[in-house]
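Shown next, in structure tokens, is the structure this report addresses.
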Amino acid sequence: MIGSFIFENLPCRVVFGSGTLGAAKAEIERLGGRRALVLTTPQQQAEGAKLGTALGPLHAGIFAGATMHTPVDVTERALAAMKGCEADCVVSLGGGSTTGLGKALALRTGVNQLCIPTTYAGSEMTPILGETRDGLKTTLRDPAVLPETVIYDVDLTLTLPAGLAATSGINAIAHAAEALYARDANPVTSLMAEEGIRALAHALPAIADKGDDRDARTEALYGAWLCGICLGTVGMALHHKLCHTLGGTFDLPHAETHTIVLPHAVAYNAPAVPDAMARIARAIGAADAAQGLYDLAKRLDTKLALRDIGMPESGIDKAVDLAITNAYWNPRPIERNALRDLIARAWAGEPPV
Ligand code: NAD
Numbered sequence: 003m004i005g006s007f008i009f010e011n012l013p014c015r016v017v018f019g020s021g022t023l024g025a026a027k028a029e030i031e032r033l034g035g036r037r038a039l040v041l042t043t044p045q046q047q048a049e050g051a052k053l054g055t056a057l058g059p060l061h062a063g064i065f066a067g068a069t070m071h072t073p074v075d076v077t078e079r080a081l082a083a084m085k086g087c088e089a090d091c092v093v094s095l096g097g098g099s100t101t102g103l104g105k106a107l108a109l110r111t112g113v114n115q116l117c118i119p120t121t122y123a124g125s126e127m128t129p130i131l132g133e134t135r136d137g138l139k140t141t142l143r144d145p146a147v148l149p150e151t152v153i154y155d156v157d158l159t160l161t162l163p164a165g166l167a168a169t170s171g172i173n174a175i176a177h178a179a180e181a182l183y184a185r186d187a188n189p190v191t192s193l194m195a196e197e198g199i200r201a202l203a204h205a206l207p208a209i210a211d212k213g214d215d216r217d218a219r220t221e222a223l224y225g226a227w228l229c230g231i232c233l234g235t236v237g238m239a240l241h242h243k244l245c246h247t248l249g250g251t252f253d254l255p256h257a258e259t260h261t262i263v264l265p266h267a268v269a270y271n272a273p274a275v276p277d278a279m280a281r282i283a284r285a286i287g288a289a290d291a292a293q294g295l296y297d298l299a300k301r302l303d304t305k306l307a308l309r310d311i312g313m314p315e316s317g318i319d320k321a322v323d324l325a326i327t328n329a330y331w332n333p334r335p336i337e338r339n340a341l342r343d344l345i346a347r348a349w350a351g352e353p354p355v
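Start counting the sequence shown at 3; every next residue gets the next number (the numbering used here).
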């Protein structure tokens, strides 16, 4: 049955395909840009330089200092680089870390962003920005940080190592899973969520088997786009809040943390949202949503235990305390004992219950 709902479409132009990076120059011109600063991580500087060459006279410079969690001091250095080369727009080429830097610059200067994502994190589809100052992470939601144009080029994802493709893909699935039971869930976002999960759950095993499987890489990027829209359109719950807390408190890697926690957070919420569970299970082709997500991670050979990515056992109770203190909406009320059990299982890498 369809009840009342609000659906807000976020304004963003999307160019999707193979070889679409070649459209970057025209897309910058379309936005009225004349001097573009290319942003990358140090690891992707060579790709950024190549793009800069292709941009010709539109290329104002490159800043290859993007890093995890968008530290404010890095943003300040990038602002100086923008000023130094008189850039009037930014081109973010990379994963969520690079996209985050582009958003931080747009927030401070109002410049247009052309975003070219190379992972499945989905940040390019959201008006959300997480920044860190002195190790403290704050998150804001502001339409000013939503990129104006996004180019998805499958070719750029071919270099994404199998391990990162797997965890980044499950990070994307997490956005869609929580969208299906969001407080402001709506039929349109739920359609995208189910299709996004289906596409990724189908594509990721094929990528794990054969990294240069173009069809699978295309399907995964398409799924990641849909999951990114879900993250940008409706509110998230326990899973995202918990990953935020765990990542920030113990400095855990973003996508791997999502991959490990997701089956457990879904299992926790399962009794409260049976319809969402049925849709997740259907999308991944499993009998049970939580177990199916755990099996998918196992199939992709990702790490299954928080202890294996650097969380100390003594952190379990600390994480419970923090997760209880920061109140937020969740379909199933947050109960201390059940939450402790969830985190302990995720820490040890046990199957979800
Ligand atoms: P990332 O951007 O940190 O990238 C990880 C590493 O992989 C980097 O060294 C990067 O250069 C490299 N890389 C990226 N694409 C590659 C490719 N195709 N080939 C080879 N190497 C490649 O990782 P991520 O998981 O994409 O992003 C994580 C960050 O994004 C976190 O800080 C997270 O908080 C943020 N995020 C924000 C939102 C949002 O809506 N604000 C959403 C999702 C993630």
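Idealized CB from N, CA, C, for every residue including glycine.
Inter-residue spacing [alpha-carbon to alpha-carbon] between residue 21 and residue 162: 16 Å
What is the DSSP secondary structure of residue 65, reduced to helix, strand or coil? strand
Between which two residues does the alpha helix (DSSP H) carrying residue 192 extend? 189-211
Paired residues, beta bridge with residue 73 - DSSP: 134
Would you check if the distance between the CB atom of residue 156 and the CB atom of residue 216 is smaller than 8 Å? yes
Please determine, among 228, 237, 315 and 264, the residue with the shortest C-alpha to C-alpha distance to residue 244. 264
Inside the region 111-164 only - beta strand (DSSP E) runs reaching at least 3 residues: 114-119, 130-135, 138-143 and 151-155
Among 345, 177, 287 and 168, which residue has its Cα nearest to the Cα of residue 300? 168
In angstroms with no decimal places, state the Cα-to-Cα distance between residue 70 and residue 277. 35 Å
Output the distance between the C-alpha atoms of residue 218 and residue 303, rounded to the nearest integer angstrom. 17 Å
Within the same chain, show all residues whose beta-carbon is closer than 8 Å to that of residue 268, passing over the 5 residues directly before and after it, in chain order. 179, 241, 279, 282, 291, 292, 295 and 354
Between the C-alpha atoms of residue 152 and residue 339, what's the straight-line distance to the nearest angstrom? 43 Å
Could you pull out every residue in the same chain whose Cβ sits closer than 6 Å to the Cβ of residue 238, ignoring the five residues on either side in sequence? 180
Alpha carbon to alpha carbon, how far is residue 307 from residue 272? 21 Å
For residue 347, which residues does DSSP report across the bridge? The partner list for residue 347 (beta bridge, DSSP) is empty, contrary to what the question assumes.
Compare the beta carbon distance of residue 68 and residue 99 with 8 Å and say whether it is the shorter of the two. yes
By a C-beta neighbour count over all protein chains shown, 10 Å radius and 16 as the cutoff for buried, is residue 85 buried or exposed? exposed
Given a cut-off of 8 Å, decide if residue 209 and residue 158 are closer than it, judged by their beta-carbon atoms. no
Under the rule that 16 or more other beta-carbon atoms within 10 Å means buried, what is residue 105, buried or exposed? buried
Please work out which residues of its chain come closer than 8 Å, Cβ to Cβ, to residue 76, disregarding the five sequence neighbours upstream and downstream, and give them in chain order. 67, 68, 69 and 103
Using 8 Å as the threshold, is the C-beta distance between residue 287 and residue 203 below it? yes
Going by beta carbon distance, what residues of the same chain come within less than 6 Å of residue 235, once the five residues before and after it are set aside? 191
The beta strand (DSSP E) spanning residue 18 covers which residue range? 15-19
Going by DSSP, name the residue or residues bridged to residue 93. 40 and 116
Simplified DSSP state of residue 253, which is helix, strand or coil: coil
Is it buried or exposed, residue 328, if we count other Cβ atoms within 10 angstroms and call 16 or more buried? exposed
Verify the contact flag: residue 20, CB atom, against every heavy atom of the ligand NAD, threshold strictly below 7 Å. no
Restricting to Cα atoms, I'd like to know which of 314, 313, 284 and 185 is closest to residue 5. 185
When you compare each of 187, 173, 193 and 249 to residue 226 by their alpha carbons, which one comes out closest? 173
Span of the alpha helix (DSSP H) around residue 322: 317-327
Let me check understanding here. Comparing Cα to Cα, which of 223, 332 and 253 lies closest to residue 311? 253
Give every residue of the same chain whose Cβ lies closer than 6 Å to the Cβ of residue 89, excluding the five residues on either side of it in the sequence, and list them in chain order. 37, 39 and 62
Taking 7 Å as the line, does the beta carbon of residue 242 fall inside it for any heavy atom of the ligand NAD? no
Short Cβ contact (8 Å threshold) for residue 42 with residue 96: yes
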